[in-house]
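This report concerns only the one structure given below.
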C-alpha cells in the first residue's frame, strides 16, 4: 500500500504519457481501439487522443470504465492528428511512434526513459510517412506483426519499469480484490 | 546473434507454452482473436487452439504470417475446449487462466516460471466457471479491464523474462531489419 502511494505521488505526476491512436474506423476498429484505450489507461498513460472517425461508442465504453474503476484518464477525439503531434512537440513532448519497422525497444528504452512527457503514436493499418517523420523515435516491439494493443502495453510496461502493475486509481466505484477462484469485487461508492 | 541462438536452442524447446482462446465469435471477435494469436506467436508461444466458432479467415491470416515471417507456430480449432484443457492437464501441462479477478501476476510469476509446459486460457466476454476451476492458477494482469491481447502478451513477456524480444523465427520468407526511418524488409526466400 505504501509503495503504491509512493508510485502515485512520485512517479505518476512527473511522467506524463499520452497516446494518439491514428485513423480509427468505426466499421472495422471499434473493439481494437477500445482495447488500445483501456490498455493505455491500465498501464499508466493519462490520456488517449484518437483521429479518423469519431466514435461515441468507444468513448462511452472507456469513460464508463474510468467512472467505475477510477482515473485519472481521458479520451478525446481530434480531427487533425498531425497538428496535435506538432503542438505536443512544441510543448516539449518526445514523440514515439510504434511500428514493427522501427528500432528495437529493448535497445532504445533506456534513452526514452529519460524523457518525461511522451506522446505515443499508435497506428492502425496504414500510417502516413508524416508520422514516421515527426516521431523522435520509431520503435518496434519485436519486428513481428502482432497487435498495436500489445505494442502499446509493452512500451508502457517497459517505460514504467513494471511499476504500473501496482498502480492505484482514484475515485472509482469498485475495486477488484485478487483471489484465485471466483470474483471478489469491493464496492467503494454508489 | 549468438544470444539469439542460445535462446532458440536452450530456452525455447525446454519450455512449451500453448494458448487456448475460448469462445471465438465470427461476428464479433475476428480481429481480437487474430491479435491474440499473433501476440501468442510473436511472444514465444508455440501453438494456439481456439474454440467457439470455426473461422477460416483468422486461421488463414495467422498461417500466412507464419509462412512469411517464420515459425514454428500453429493454430488449431477445437470443438470442446474443456476436453482439450483436461487432456493437456493429464499430459502434465500447468493451466493458467488469465482473468482480471485472479491473483496478481507480479506475485505469482516466480512460481509459474518453474513450470515447463503451460496451457494459457484466454477468455472472451464471458468465461464459464469450469475454466476457473480447471486452472491451476487464475491470474490477473492488473485487476483492471483492458484487453486479453495485452494480458496474454504480458504474461508471456514475464514468463520468458523478456528474452522473447530477441527470438529468431525459422523458415520465414522475410525479415524486418530495425531502423529509425522507413521500412527495410530483407527477402530470405521466394
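Residue numbers (the working numbering), protein chains in the order written: chain A, 11 to 200; chain B, 11 to 200. Yeah, the Cβ is synthetic: ideal placement off N, Cα and C, and Gly gets one too.
Between residue 179 of chain A and residue 80 of chain A the beta-carbon gap is near 3 Å, inside 8 Å, which marks them as a contact.
DSSP lists A:128 as the bridge partner or partners of residue 27 of chain A. At least one beta carbon of chain A lies nearer than 8 Å to the beta carbon of residue 113 of chain B. Residue range 158-169 is occupied by the alpha helix (DSSP H) that includes residue 165 of chain A. The Cβ-Cβ distance between residue 105 of chain A and residue 146 of chain A falls below 8 Å. Given a length threshold of 4 residues, each whole run of the alpha helix (DSSP H) inside the region 34-61 of chain A is given here in chain order: 40-52. For residue 109 of chain A, the enclosing beta strand (DSSP E) starts and ends at 104-114. The C-beta of residue 181 of chain A has fewer than 16 other C-beta atoms within 10 Å across all chains shown, which makes the residue exposed. Under a criterion of Cβ atoms nearer than 7 Å, the residues of chain B adjacent to residue 49 of chain A are, in order, 156, 157, 160. CA-CA distance, residue 133 of chain A to residue 33 of chain A, rounds to 7 Å.
Taking C-beta separations shorter than 7 Å and ignoring five residues to either side along the sequence, the partners of residue 155 of chain A in its chain run 110, following chain order. If you draw a straight line from the Cα of residue 151 of chain B to the Cα of residue 102 of chain A, it comes to about 32 Å. About 13 Å separates the beta carbon of residue 37 of chain B from that of residue 68 of chain B, a gap too long to meet the 8 Å contact definition. For residue 91 of chain B, there is no enclosing beta strand (DSSP E); the enclosing alpha helix (DSSP H) has its first and last residue at 91-100. Counting along the chain, residue 136 of chain B sits inside no beta strand (DSSP E), nor does DSSP assign it H or E at all. Residue nearest to residue 85 of chain A within the set A:169, A:98, A:61, A:95 is A:61 (criterion: CA-CA distance). Residue 118 of chain A has its alpha-carbon roughly 11 Å from the corresponding atom of residue 190 of chain B.
By the criterion of a C-beta distance shorter than 7 Å, residue 114 of chain A is surrounded in its chain by 150, once the five residues flanking it on both sides are discounted.
Counting of Cβ neighbours within 10 angstroms places residue 177 of chain A among the buried residues, the total reaching 16 or more. Around the Cβ of residue 66 of chain A, a 10 Å sphere holds fewer than 16 other Cβ atoms; the residue is exposed. In terms of Cβ geometry, residue 165 of chain A and residue 137 of chain A do not form a close pair [threshold 8 Å].
DSSP lists no bridge partner for residue 75 of chain B.
Ranked by Cα distance from residue 58 of chain B, the options B:87, B:142, B:196 are led by B:87. For residue 185 of chain A, the enclosing beta strand (DSSP E) starts and ends at 184-186.
At least one C-beta of chain A is nearer than 8 Å to the C-beta of residue 142 of chain B. Shown here, residue 190 of chain A sits in coil according to DSSP, grouped into three states, outside any helix or strand. The secondary-structure analysis by DSSP pairs residue 180 of chain B across a beta bridge with B:81.
Only residues of its own chain outside the window of five on either side were considered, and among them 51, 83 have a CB closer than 7 Å to the CB of residue 76 of chain A, listed in chain order. In the three-state reduction of the DSSP assignment, residue 68 of chain B falls in the helix class, which pools H, G and I.
For residue 79 of chain B, the nearest CB of chain A lies under 8 Å from its own CB, placing it at the interface with that chain.
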